[in-house]
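S.K.: Residue numbers (the UniProt record's numbering): 1 to 287. Virtual Cβ for every residue (Gly too), placed ideally from N, Cα, C. Bear in mind that the values here come from a model prediction, so they are computed numbers and not experimental data.
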Amino acid sequence: MSLLAFITILISAFMHATWNYLAKQSEGGFNFVWLYMAVSTIIYLPFVIVFFFLGEMRFGWPELAFISGSAVIHMAYALTLQKGYKVGDLSIVYPLARGSAPMLIAVAALFLYGERLSFAGMFGIGLIVFSIFILTGDLRRFKQPNSGKAIFYGLLTGLLISCYTLLDKGAVSVALMSPLLLNYGSILGQFLLMTPLAFKDKEKVKKEWAMNKKKAVGVGILSPLAYILVLITMQVTPVSHVAPVREISILIGTVMGAKMLTEGVGVRRPVAAAIMVAGIISVALSQ
C-alpha cells in the first residue's frame, strides 16, 4: 500500500469516527438518519453538477444498477447502526461493526477480484479479528442489559459493511464509476426511499431537527466525504488492504466513547485497540 493511500485512509477514518460520535450523541434513530441524508443531498449536489458538466462523470444503466444496489445496502447499514447505538454503547457496537468486516471482505475479494493477501496481510487480519474477541468476549457482559442486542446489531452491521464495500469496489475499479457519483447517487437513493416514512410524522422530524440540527449537519458533511476518500483509494488499492486499514477508526471511536460519552473503560478495551492497531499496520505494510 502506498503512503498516499495510507494517509488518505487515516484521514477518512478520523472523519468516520467523528460522525459516528455525533450520531451516537443524537440517539435519534430513523429521523436523524433521514435528516443527515437530506443535508448530504443538498450540500453535495453542487459538486455533482459541476463535475458532471465538466465531463468527469458518465451515467447509464450500469451506473444506475450499482447506485441502486449500494443505496439499499447502505440504508440497511445506517438503520442497523443507529439501532445498535440505541441498545448499546459506542465502544461495543462501533468496534464490533467495523472490525468484523475485514475478514469477510478478504475472503470474498479472493473470489470476486482475485486479490491475494501475503502472510503479513493475513496475520494482520487475524490480529484484528482476535482483538474483537478480546473486546467482546467477556461473558459478564451478556448479563448486562441489552449487551446481547448490541453485539447482534454490531455483527449485522459488519456484514452489511462487507456487502456494500465489495459492491462499491467493483463500481469504482471495474466499472470505473466516479466515486462522487456513486456515493451521491447512493445517498440520494436512500433519502428518497426513506422520505415517505419520514413524512408520516413530520412533527417528530421537526422535533429531531430542532434538537440535533448541528449534529445532523456534521454527519451530513463528514459521512459522505469520509467514504468518498475510501472509494478514491479503492480505485487503485486492493479492497482486502483498504478495509482492514480503515479500522484505525475503531481506536478513535473507542477513545471518543470512553472519554466524551462517559462509557466505561476497562483494561480489555485499550488492549484490544492496541492489538487491532498492530494488525492494521501489518496489513498496511504487506504486499
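Given a cut-off of 7 Å, decide if residue 195 and residue 80 are closer than it, judged by their beta-carbon atoms.
M.R.: Taking 7 Å as the cut-off, the Cβ atoms of residue 80 and residue 195 do not count as close.
S.K.: Among residues of its own chain, excluding the 5 on either side of residue 86, which ones have a beta-carbon nearer than 7 Å to its beta-carbon?
M.R.: 27, 29
S.K.: Once you ignore the five residues that flank residue 44 on each side, which residues in its own chain have a CB closer than 7 Å to its CB?
M.R.: 184, 224
S.K.: Using the Cα positions of residue 253 and residue 56, report the straight-line distance between them to the nearest angstrom.
M.R.: 35 Å
S.K.: Whole angstroms are fine: how far does the CA of residue 112 sit from the CA of residue 152?
M.R.: In a straight line, the C-alpha of residue 152 is about 27 Å away from that of residue 112.
S.K.: I'd like to check one pair, residue 103 with residue 72: are the Cβ atoms closer than 7 Å?
M.R.: no
S.K.: So, for residue 206: in the same chain, excluding its five sequence neighbours on each side, which residues have a beta-carbon less than 7 Å away from its beta-carbon?
M.R.: Result list for residue 206: empty, nothing under 7 Å.
S.K.: Would residue 118 pass as a contact of residue 286 if the rule is Cβ separation under 7 Å?
M.R.: yes
S.K.: Of the choices 132, 211, 189, whose alpha-carbon is the least far from that of residue 270?
M.R.: 132
S.K.: Tell me whether residue 62 is buried or exposed, calling it buried when 16 or more other Cβ atoms sit within 10 Å of its Cβ.
M.R.: exposed
S.K.: Only counting the same chain, and skipping five residues up and downstream in sequence, which positions put a Cβ closer than 7 Å to that of residue 247?
M.R.: 98, 99, 102, 128, 276, 280
S.K.: Taking residue 180 and residue 168 to be in contact with their CB atoms under 8 Å, please state how far apart those CB atoms are, rounded to whole angstroms.
M.R.: Incorrect: roughly 12 Å between the Cβ atoms, too far for contact.
S.K.: With a floor of 4 residues, list each alpha helix (DSSP H) that falls wholly inside the UniProt domain "EamA" (149 to 283), ordered by position along the chain.
M.R.: Whole alpha helix (DSSP H) segments, 4+ residues: 179 to 198, 202 to 234, 239 to 246, 248 to 259.
S.K.: Could you pull out every residue in the same chain whose Cβ sits closer than 8 Å to the Cβ of residue 163, ignoring the five residues on either side in sequence?
M.R.: 73
S.K.: Looking only at its own chain, which residues have a Cβ that is under 8 Å from the Cβ of residue 88, when we skip the five neighbours before and after it?
M.R.: 146, 147, 149, 150, 151, 153, 154
S.K.: Within the same chain, show all residues whose beta-carbon is closer than 6 Å to that of residue 217, passing over the 5 residues directly before and after it, in chain order.
M.R.: 39
S.K.: Just to confirm, are residue 234 and residue 172 a CB contact at a threshold of 7 Å?
M.R.: A contact, by the Cβ cut-off of 7 Å.
S.K.: How is residue 77 classed by DSSP in three states: helix, strand or coil?
M.R.: helix
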